[in-house]
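Q: Counted the way full-length UniProt numbering counts, the sequence shown spans residues 1 to 434.
Note that beta-carbon positions come from the ideal geometry of N, C-alpha and C, so glycine has one too.
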Amino acid sequence: MAARTLDVQYYIWEDDMSGRLLFSVLLSAAKRGVHVRLLLDDNNTPGLDDTLRLLDSHPNIEVRLFNPFSFRTLRALGYLTDFARLNRRMHNKSYTADGVVTLVGGRNIGDAYFGAGEEPLFSDLDVMAIGPVVNDVANDFERYWRCSSVSTLQQVLSLSEQELTQRIELPESWYNDEITRRYLHKLETSQFMADLDRGTLPLIWAKTRLLSDDPSKGEGKAQRHSLLPQRLFDVMGSPTERIDIISAYFVPTRAGVAQLLNLVRKGVKIAILTNSLAANDVAVVHAGYARWRKKLLRYGVELYELKPTREHETAVHDRGLTGNSGSSLHAKTFSIDGSKVFIGSLNFDPRSTLLNTEMGFVIESETLATLIHKRFTQSQRDAAWQLRLDRWGRINWIDRQQEEEKVLKKEPATRFWQRVLVRLAAILPVEWLL
């Protein structure tokens with residue numbers, strides 16, 4: 001429980017049970033005297049203006065917005081008048097308490113990210129870190145908090161004197177209805193919370209480095225050499241044996257494909273897990289990936305696509321990389337040569353590379369790399385289709401969950417119109433936006 005400060009930075013904060021519970025946590029902390037700073041990307045705050053006003057009116061809470069919209073109701077008008085700025089978003093995710101412990105990864109705030117609702121789970125990975133890297137995250141938050149792309153809430157929303165003087169309370173129904181109580185009980189009685197309370201939470205001790213985009217990327221002013229992907233490859237080094245890539249949105253582009261194939265020619269084994277068309281929540285992004293599948297397969301890159309559901313319960317789904325029944329992959333991680341791991345917000349797509357700000361950890365740990373590789377390998381069989389080319393050069397989807405392989409000739413679990421839309425989207429010149 002935080003005693004002094006909470007620095008909270010997120011891309012999406014849903015107005016659902018999980019989002020409201022965490023808003024309540026922030027307000028409770030402020031009432032204990034904790035100084036709370038909440039930095040949200042404004043692209044995903046529709047419907048939250050009143051809640052943000054209320055939180056910001058507390059003397060211990062400050063709320064700021066990244067690249068805010070001038071039109072609060074008809075936001076599409078903002079894109080018409082200010083597209084170049086509003087197309088750049090803050091995709092970072094971090095939660096830092098007292099400058100002592102931090103959570104960094106790819107998970108947003110919402111029921112879909114915590115398995116708390118009926119909707120499909122966005123399966124993701126986060127890192128809870130202690131040690132010197134926490135100070136790096138705190139300093140990174142500070143530079144975003146003060147950057148020119150960020151506005152105080154008072155600069156964006158009006159706050160009346162009545163709101164400033166009224167008692168600051170969130171609706172009791174947000175945290176005291178039957179469904180919420182059951183969910184909280186499940187959390188409070190989980191093994192994770194038991195280990196955390198006893199101080200027996202297993203930790204992996206490893207050299208960890210924070211990589212984060214310069215916030216000036218939100219204005220299109222960041223130097224190319226300072227962008228996270230370039231720095232990431234400099235820090236991770238060139239692989240010699242194996243790369244495991246897990247990316248919710250995988251749009252390699254012509255340049256990225258050339259880099260991957262160059263590594264294959266050098267003998268590096270590459271395996272990629274991404275969403276199938278049926279599991280992808282952004283179908284147009286799938287088009288930016290689908291156009292490169294055959295070429296990657298011809299050169300020996302292993303491709304695996306997450307199933308939207310599974311036929312049998314497996315431990316890997318409940319504890320691994322791919323979530324539960326009705327899941328969509330949202331994780332962003334890769335490991336090199338079984339020794340280095342990246343976990344963060346960065347997808348392998350042009351939007352993450354050129355438009356959105358991103359962050360993540362590079363962790364030098366054979367233990368963690370081995371763990372992720374093991375889960376990845378399990379997921380390939382239990383939760384994903386493997387893609388192969390038949391002798392005519394057509395893509396087949398191989399279901400290996402049963403003892404006997406099942407070969408599928410079309411994009412599994414999709415309709416004709418979905419496949420047509422993806423083919424049409426693949427020929428549009430929008431790859432740089434994906």
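Looking at C-beta atoms only, is the number of pairs between the region 174–185 and the region 81–96 that lie closer than 8 Å three or more?
A: Touching, no, given that fewer than three Cβ pairs across the two stretches are closer than 8 Å.
Q: Would you give the residue range spanned by the beta strand (DSSP E) that Arg242 belongs to?
A: Segment Arg242 to Ser247, the beta strand (DSSP E) holding Arg242.
Q: Can you have a look at Pro252 and say buried or exposed, based on whether 16 or more other CB atoms are within 10 angstroms of its CB?
A: buried
Q: DSSP puts Thr357 in a beta bridge; with which residues?
A: Met90
Q: Under the three-state reduction of DSSP, which class applies to Asn396: helix, strand or coil?
A: strand
Q: Could you give the uninterrupted runs of the alpha helix (DSSP H) lying entirely in the region 208–286, keeping only those of 4 residues or more?
A: 228–236 and 253–265
Q: Threshold first: 4 residues or longer. Then list the alpha helix (DSSP H) segments lying entirely within the region 26–75, N to C.
A: 49–56
Q: Would you identify the three-state DSSP class for Ala413, choosing helix, strand or coil?
A: coil
Q: Mapping DSSP to helix, strand and coil, what is Met193?
A: helix
Q: What is the DSSP secondary structure of Gln9, counted as helix, strand or coil?
A: Here Gln9 sits in strand by DSSP.
Q: Ordered along the chain, which non-local residues of its own chain (more than five positions away) have a Cβ less than 8 Å from that of Asn396?
A: Leu387, Arg388, Leu389, Asp390, Val407, Leu408 and Lys409
Q: Can you tell me where the alpha helix (DSSP H) with Ser379 in it begins and where it stops?
A: Taken as a continuous stretch (DSSP letters only), the alpha helix (DSSP H) holding Ser379 covers Glu366 to Asp382.
Q: Pick out whichever of Leu260, Ala279 and Lys266 has its Cα sitting closest to the Cα of Arg293.
A: Leu260
Q: Let me check one thing: in DSSP terms, what residues is Gly105 bridge-paired to?
A: Asp126
Q: Which one of Arg423, Ala413 and Thr189 has the shortest CA to CA distance from Arg291?
A: Comparing Cα positions, the closest option is Arg423.
Q: Please look up how many angstroms separate the CB atoms of Thr357 and His58, rounded, as I've assumed it's under 8 Å.
A: About 27 Å separates the two Cβ atoms, so there is no contact after all.
Q: Mind checking His286: buried by the 16 CB within 10 Å criterion, or exposed?
A: Result: buried.
Q: Could you tell me the distance, in whole angstroms, from the CA atom of Leu228 to the CA atom of Glu404?
A: Near 43 Å, if we compare the C-alpha coordinates of Glu404 and Leu228.
Q: With distances taken between CB atoms, is the gap from Phe66 to Asp49 smaller than 9 Å?
A: no
Q: Taking the beta strand (DSSP E) that Phe141 falls in, what are its first and last residues?
A: For Phe141, no beta strand (DSSP E) segment is defined; the enclosing uninterrupted segment is the alpha helix (DSSP H) at Pro132 to Trp145.
Q: Got a sec? Which residues, its chain only, sit under 7 Å from Leu86 by beta carbon, not counting five neighbours each side?
A: Cβ within range, chain order: Asn67, Phe69, Gly78 and Tyr79.
Q: Determine the closest residue to Val133 out of His373, Ile398, Lys207 and Arg231, with distance taken between C-alpha atoms.
A: Lys207
Q: Three-state secondary structure (DSSP) at Ala97?
A: strand
Q: Nearest CA to the CA of Gly288: which residue from Ile245, Glu366, Leu232 and Phe348?
A: The closest CA to that of Gly288, considering only Ile245, Glu366, Leu232 and Phe348, is found on Phe348.
Q: Taking the beta strand (DSSP E) that Val156 falls in, what are its first and last residues?
A: Taken as a continuous stretch (DSSP letters only), Val156 belongs to no beta strand (DSSP E), being part of the alpha helix (DSSP H) at Leu153 to Val156.
Q: Among the residues of its own chain, which have a CB less than 8 Å from the CB of Ala426, if the five just before and after it don't count?
A: Excluding sequence neighbours, Ala426 sits near Ala287, Gly288, Ala290 and Arg291.
Q: Could you please give the first and the last residue of the uninterrupted alpha helix (DSSP H) stretch that includes Lys294?
A: Arg293 to Arg298
Q: Can you tell me whether Asn108 is buried or exposed, with buried defined as 16 or more other CB within 10 angstroms of its CB?
A: buried
Q: Give the DSSP-derived three-state secondary structure of residue 443 in the structure shown.
A: Not covered by the structure: residue 443. The range shown for the chain is 1 to 434.
Q: How many whole angstroms separate the CB atoms of Leu55 and Leu27, which I take to be in contact at a CB cut-off of 8 Å?
A: 6 Å
Q: In this structure, how does DSSP classify Ile168 when only helix, strand and coil are distinguished?
A: Ile168: coil per DSSP, three-state reduction.
Q: With a threshold of 16 other CB atoms inside 10 Å of the CB of Gln9, please say whether the residue is buried or exposed.
A: buried
Q: Would you kindly check if the distance between the Cβ of Arg88 and the Cβ of Gly300 is under 9 Å?
A: no
Q: How is Trp205 classed by DSSP in three states: helix, strand or coil?
A: DSSP places Trp205 outside both helix and strand once states are collapsed to three, so it counts as coil.
Q: Return yes when the Cβ of Val156 is within less than 9 Å of the Cβ of Ile343, no when it is not.
A: no
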